[in-house]
Amino acid sequence: MRIRLVFLFVLLANFICSQNMDIDILRQLNLQRIKQADSLIQGITNSASPIAYGVSGLLLGLSFRKRFRHTHKKALFILLSVIVTSLVTTFLKLLINRPRPFVSYPFLEKMTNGGSPSFPSGHTSDAFSIATAISLAYPKWYVIIPAYMWAGAVAYSRMALGVHYPSDVLAGALLGFMLPFLFFIFLYRSQKNI
C-alpha cells in the first residue's frame, strides 16, 4: 500500500510539471469566475478549517456526555483523521515548497491570503478529510452528499480565488480522502467495530 501511495505522489508530481494544463485551467477558473459571487466563494474557503476542526471537536466533546457515549470511537476517529491529514499536508507543503500561482503568474487575481507553499491544498485536504471521515463513521446519504458537495465547493473556491493550482487541489482532495480511508481500514481490521 505504501508503494502505491509513493507511486501516486510521484505521478502527481509529474503532473505538476505539466504546468501548461494546470495554469490554463486555473486561468479560466480564476479570471472567468462570477465576480458577484466573490464574497460567497470567500466564505466557503474560510469555512474549511473551522468546520473540519469544529465539527470533529464538537462530536468528540459530545461523546463524553452519557447520552452520546456510544459515539466516542467514531468522534475520535473523525478528529484524528482531520489532524493526521493536516499534519501530512503541512509536511508535504514544506517538503515540496511549490510557490503559489499568483507569485508565478501575476496576471491571476489573488482574492485571499495564501501564505504557506501551494502544494497540496490544505483547505481542500481539511475539507475532504472531514467529509470522508464523517461519511465513513455515519454512512448515510444525507451525511455523505452534503459533506462531499461542501468539500468540492471548498476545492473550487481555492482555484477561483487564485491561490491554488488544480493539481494542488487534486492532491489535497486525494490526501483528504485516502488518509481517513486508510485509517478507517486500519481501525476496522484491528477493532472490527467503529
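First residue of the sequence shown: 98, per this note's numbering; consecutive thereafter.
Each residue gets a CB set at the ideal place from its N, CA and C atoms; glycine is no exception.
- For L156, the enclosing alpha helix (DSSP H) has its first and last residue at 145-160.
- Separation of M208 and F188 (C-alpha to C-alpha, rounded to the nearest whole angstrom) is 25 Å.
- Rounded to the nearest whole angstrom, the CA to CA distance from L159 to I241 is 21 Å.
- Contact between the stretch 246-253 and the stretch 196-205 is absent: fewer than three C-beta pairs spanning the two stretches fall below 8 Å.
- Leaving aside the five residues that flank G249 on each side, none in its chain has a CB nearer than 6 Å to its CB.
- Between P277 and T182 a beta carbon distance of about 7 Å is seen, short of the 8 Å cut, so the two are scored as contacting.
- Per the Cβ contact rule, the stretch 123-137 is not in contact with the stretch 148-162 (fewer than 3 Cβ pairs under 8 Å).
- Counting C-beta atoms within 10 angstroms of its own C-beta, L137 has fewer than 16 neighbours from the protein chains shown and is therefore classed as exposed.
- The C-alpha of T186 lies about 35 Å from the C-alpha of K163.
- The residues A257, in chain order, have a CB closer than 6 Å to that of R130 in the same chain once the five nearest residues on each side in sequence are set aside.
- Shown here for A149: same chain residues with a beta carbon closer than 6 Å to its own, the five before and five after excluded, namely V179, D223, I227 in chain order.
- Within its own chain, the residues whose Cβ lies closer than 8 Å to the Cβ of L173, once the five positions on either side in sequence are excluded, are L157, S160, listed in chain order.
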